[in-house]
Structures are given as C-alpha cells and as structure tokens.
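Visitor: Starting off with a structure, shown below.
Chains as they are written, first to last, in my numbering: chain R, 948 to 1279; chain L, 66 to 356.
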C-alpha cells in the first residue's frame, strides 16, 4: 500500500516540478498545490489504513462469535421433583471425549431416597465420573439416569440442580471474600449471621483464627490484598459451601482428603447429623469413612463389582474386603 | 505545557486505579468462562450473580477511564479553540494584505497551509507528546521500584549437578513465624534426621509440618535458632545446593499443560531429555514414557 502511494506521490511531484521549471505555474501555486496534495494523501492513507486494518482484525473475532452463537444451548422440560422416588441408573455407559475406553460400562443401580451410599474403588475406577453423571453434570453416552422422578438429560438445567449440592474433589478457591466463597453455592439464599456461624462451626472453620483478619469479609487471595489459606482451611470452606446450599441430594467427593484423622471423624459425624433424611453419595479412598454409609458400592474399571453394607462385604471376602484389609494394615 | 505535565500525572494515577478494577473484572470473567470452574458454575448456578459483579467492576473501570478521556478531550478542545482564534486573526491579516496587493493569492494559500500545519503541531501534538512523556516517566519510576526489590541470589539457578549427598539435618530450638504475621508456627523445634532412615511428620492441620519443609528447601531464611544441614548452617548453602539435595512431592502439586514426559522430567531439570521408565503394575514391567 505504501509503495503504491509513494509511486503516485512521486510522479505527481515530478509532474508539478516539471511544470514549475517550464514556467507553466508560479512558485506560489506550486507551494499551494503541494500543501493541498500532501494533506489529501495523508487523509486518504489514514482512512484506508486504519479502517481496513480494523476491519480485517475484527473479521476473525466476528466469525468466531458467530460460531459461538450457533452452539447448542441446552433447554429441557421442567418436571416436578418426587423425592420418594429415589435414583435409578439403567445401563449407564460413558466415554470421555477423544477417548476410546469406557469410563463407565453398563452401570445399573438403585438408590433409595434418604440413603447414604459410598462409592469406593481404585483410582480410575469411575467413581467421580459416576457422581458427575448422577448429578447431571455429564450426560451418559448410553443409558438413563432418573433422579427423584426426573430424567437428568431431559430436565432443564435450572431444575436439574435444584436441591442438589456437592463438595467437589477439585473444589474451587475463589479469589473473593470468605462469605462469598461459602455462599457462592446459592446466591439466592443468604442466611443471617448466626446461621452462617453455625455452618462455619460444623465445617470446622475457626473464624477467630488470626489469619482471618476481616472475619467473613477476609479476601481469600494474595492477589487482591488478602490472605492465603492452607489446604485444610480451604477444604473446610468447600465443605461449608456444600452445606450452605439447601439440598435433598448431596455429593461428597473426597471431602476430607486434606483433613487430619481426628477432625475427619468429627466432620463425618456432622455430615450424618445434617444429612438425616437426605440422600447422600460419598466418594472416598479412605474405607474407614465408607463404613458410615448404609451401603457401599465398589467400582472397578467402570463397572460395579460389589454392593452391600460393610459387614456383608467383609463376609463376602471379595475386592472390598481386600481393599479394606490392605488399608487397615497400615494402622496396625 | 504545565497543564500537560499535571494532566499526564493525573492520567497515570487514574489508570492505576482503573487497572485495579480491571484485574478484578478480568478475574471474574475468567471464573465465568473457565473450564476449571465449570462444574461448580453449573451446579451452583452462580453465573448470573457473578456477571453482575463483573459488570460493577467493569463499570468502575470504564467510568474512571471515561473521566480521564473527557478531561483530555476538554483540554485539547480548549487548545483547538485557542489555535482557531489565533489562526483567524492571522488569516484576517493575510486577507487584508492580499486585498491590498501586498502578497499574491498563491503566497496567501501556501502561507495559510503552512501556518495551519504549524499551529496543529504547536498545540495538539506538543501537549499530547508531553502527556505521554510524563505518563511514561511515572511508569518507569515504578518499574525501577520493582527492580530495586530485594532478590534472593540464585533463585533461578539450576540445581547443582551432581547433587550434594545428604548426611544429616538438625533443627535446634527453631522458632519461626511467617513474614508479616505475629503467630509463631514453630516454637523451639529440635530434631535430628540421619542419612538412610525414613521419617514421618504427623500432626493436625496447622501444626507446622509443611512449614518445616519450606524451611528445609530454603524458602524462608528468617528463623530463630539453628538449622544445620550436613553440619553446616543452612543459610550458608546456595539456592542451587539446596535444590540439588531435596526432591519433593507437594500436596498442592501443579499440573502443566504439556506432555506426560515433560511433566515428570521437570523434577530433574538438569537431565530434562533423559528417557523415563515407569513400572506398570498391570503389565508387571517397565514401560517407557514417550512424549
């Protein structure tokens, strides 16, 4: 573009200089025309360069935005919840995108309303994946999930998660205040101070700890002039977050992974207390905590291999019994 | 010129404040769109509320920037008016001279062009360059402050190769509190670790287990008492030495968005390209980890 401009500019200049030298135009006229042409060129080059480059820059942006707008938006029906109906999993299979191996294979399970069930198994056996499928966060590749009378896949997103809460294994550490970190699980409900304190007490958060300089308003990140919490403290915040959201179905995915044994015992005691009448699904490596569940479901390579309560499974002497004894051995 | 100087400094200060809000709303934007938070975002449904907070911060930043720009436009408009008035006066004079025949029309036009361009440079361009200069000067002085911060020698050096062998570690009456806090985490801690043995530190949350490790790897050096590594004070070792002695599996480990090989090889940076073999329990033999 610049080269073309230069060529044209140069040729006009040569033309006019020639006229001047030949005496066809006066010096003053030459100067006047020269000045005008200069501003005209400047004007046009600005218009062309700026506008064309802006347009070409934004072209890619607009095209991507269009693609984004065309993505599927999930809708769904809104059915009324029937808590007594429990949870039914029929022939659930799941394959992660870009993978070939089935993470879950032909899972069939019935969970009673109000039951506490524990999923145990080795790393990669599919425990967390199954939780996400029951919660409706992932859609199964095959099979149906019916939670309290609603089909998870068909239910609209706002309804699907109504009355469902979770403490995730990879809980988020939001760079926000302590209060927000707890109440983020349900902004529609912000409890009064005494209730918030009760939550914190159950989760084991010590609000009087000197590291929480502004109490509930303490910013939990150094990035915004706040403080750093230890992993154990963050885990308690995540637990409080899960408890804050009123629910009839709770998922606890390794909720005490970073908590010491004495506290863990106390926390689980509190869980049982608070989850009376609620359906609770626990995922855990620590088989000691699985004992509190009504039933234990053992997963291996995406399949359910054993189901039953602790005593029944120990008697059976299968995978669960082996796992339990190998862990118990460490405490001898 | 003076106005330009003061204007530049005010603009810079305003920018600093606006940037604080900008960092906040950029963070919120990240939480609203990132993959990591997608599970909680879906389940807890906090998207709309967080969006409002995003907007609040965005508006704060926008308003500050808007004020700054409006002030600047006001200033340049005033300059514009002044220069138009001066120009008008000159043009009237020149018209008079042209009518009087003192100068020709051609000269008149070229003079007008020249004066027009010159006046533009004198007012608008000069003041905006001045403002840029002041803004950049403020920025440079802050960069200088950053560069003047205390550095730990050798923080970026590679570990010493071959690694220094470990003989013993001794803590004697060590007291330690994190910088900027009042509570002591370690209170008169003493122990001795010898080569070849395995030790376990157990305790409740907050009892100081991880803190001990941070002191061993030399992350903090302001402690009271004595820490002797192989009989020599840990403060006398360089960062490279300490890095070579210790290997750590962290509780809050990082995941790097690169190959499995690289994620593992980062643990031994001096031999990054060495091939890695992992024992597979399933196939009961060593399997190579390829890129």
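All residues carry an ideal CB built from backbone N, CA and C; glycine is no exception.
Does the beta-carbon of residue 1149/R have 16 or more other beta-carbons within 10 angstroms, so that it is buried, or is it exposed?
Guide: buried
Visitor: Find out if the Cβ-Cβ distance for the pair residue 307/L, residue 283/L is shorter than 9 Å.
Guide: yes
Visitor: Name the residue from 1146/R, 1183/R, 1157/R and 958/R whose alpha carbon lies nearest to the alpha carbon of residue 1220/R.
Guide: 1146/R
Visitor: Note the first and the last residue of the continuous beta strand (DSSP E) segment covering residue 1147/R.
Guide: Element bounds for residue 1147/R: not the beta strand (DSSP E) but the alpha helix (DSSP H), 1140-1150.
Visitor: Let me confirm a value: residue 1111/R is counted as buried when at least 16 other C-beta atoms fall within 10 Å, else exposed. Which label applies?
Guide: buried
Visitor: Buried or exposed: residue 1107/R, going by 16 or more other Cβ atoms within 10 Å of its Cβ?
Guide: buried
Visitor: Checking 9 Å against the spacing of the C-beta atoms, do residue 1054/R and residue 1039/R come in under that value?
Guide: yes
Visitor: Would residue 1127/R pass as a contact of residue 1136/R if the rule is Cβ separation under 9 Å?
Guide: no
Visitor: Using the beta-carbon count (16 or more within 10 Å), is residue 173/L buried or exposed?
Guide: buried
Visitor: Going by DSSP in three states, residue 112/L sits in which element: helix, strand or coil?
Guide: In the structure shown, residue 112/L sits in a helix (DSSP, three-state: H, G or I).
Visitor: Which residues in chain L have a C-beta closer than 9 Å to the C-beta of residue 1134/R? List them in chain order.
Guide: 109, 110, 111, 113, 114 and 115
Visitor: Using the rule of at least 16 other Cβ atoms within 10 Å of the residue's Cβ for burial, across every protein chain shown, is residue 273/L buried or exposed?
Guide: buried
Visitor: If distances are taken between C-alpha atoms only, which option among 1182/R, 1173/R, 1190/R and 962/R comes closest to residue 1207/R?
Guide: Here the closest residue by C-alpha is 1182/R.
Visitor: Listing by chain order, which chain R residues have their CB less than 7 Å from the CB of residue 172/L?
Guide: 975
Visitor: Measure from the alpha carbon of residue 1234/R to the alpha carbon of each residue in 1277/R, 1022/R, 989/R and 1198/R, then state which is nearest.
Guide: 1277/R
Visitor: At the 9 Å Cβ level, is residue 295/L part of the contact set with chain R, yes or no?
Guide: no
Visitor: Figure out for me which residue from 962/R, 981/R, 1117/R and 1262/R has the closest Cα to the Cα of residue 103/L.
Guide: 1117/R
Visitor: Could you say which of 269/L, 265/L, 191/L and 231/L lies nearest to residue 1212/R if we only look at CA atoms?
Guide: 269/L
Visitor: Could you check which residue in 968/R, 1062/R, 1049/R and 1243/R has the C-alpha nearest to that of residue 1032/R?
Guide: 1062/R
Visitor: Which of the three DSSP states is assigned to residue 966/R in this structure?
Guide: helix
Visitor: Can you tell me where the alpha helix (DSSP H) holding residue 1182/R begins and where it ends?
Guide: 1178-1191
Visitor: So what does DSSP say about residue 234/L, is it helix, strand or coil?
Guide: strand
Visitor: Nearest chain L C-beta to residue 990/R closer than 9 Å, yes or no?
Guide: no
Visitor: Note down, in chain order, each residue of its chain lying with its Cβ closer than 6 Å to the Cβ of residue 1196/R, except the 5 sequence neighbours on either side.
Guide: 1111 and 1226
Visitor: Residues of chain L with a CB under 9 Å from the CB of residue 1157/R: which are they?
Guide: 246, 247 and 248
Visitor: Applying the 10 Å Cβ sphere with the 16-neighbour rule, what's the burial state of residue 1228/R?
Guide: buried
Visitor: When the Cα atoms are used, what is the spatial distance from residue 1218/R to residue 214/L?
Guide: 48 Å
Visitor: With DSSP as the reference, label residue 167/L as helix, strand or coil.
Guide: coil
Visitor: What residues from the stretch 266-296 of chain L come within 8 Å of chain R, judged by C-beta to C-beta, listed N to C?
Guide: In summary, the residues of the stretch 266-296 of chain L whose CB is separated from some CB of chain R by less than 8 Å are 268, 269, 270, 271 and 275, in the order they occur in the chain.
Visitor: Could you tell me which chain R residues have their CB closer than 7 Å to the CB of residue 92/L, listed as they occur along the chain?
Guide: 1122
Visitor: Where does residue 149/L fall in DSSP's three states?
Guide: Correct three-state label for residue 149/L: helix.
Visitor: Please state if the CB of residue 289/L and the CB of residue 240/L are separated by a distance shorter than 9 Å.
Guide: Cβ distance < 9 Å, so residue 240/L and residue 289/L count as in contact.
Visitor: Taking only three categories from DSSP, how would you classify residue 328/L?
Guide: If DSSP states are grouped into helix, strand and coil, residue 328/L belongs with the helices.
Visitor: Where does the unbroken beta strand (DSSP E) through residue 1041/R begin, and where does it stop?
Guide: Annotation for residue 1041/R: the continuous beta strand (DSSP E) segment containing it runs 1034-1041.
Visitor: Determine the DSSP secondary structure at residue 353/L, reduced to helix, strand or coil.
Guide: strand
Visitor: How far does the alpha helix (DSSP H) with residue 209/L in it extend, from its first residue to its last?
Guide: 191-212
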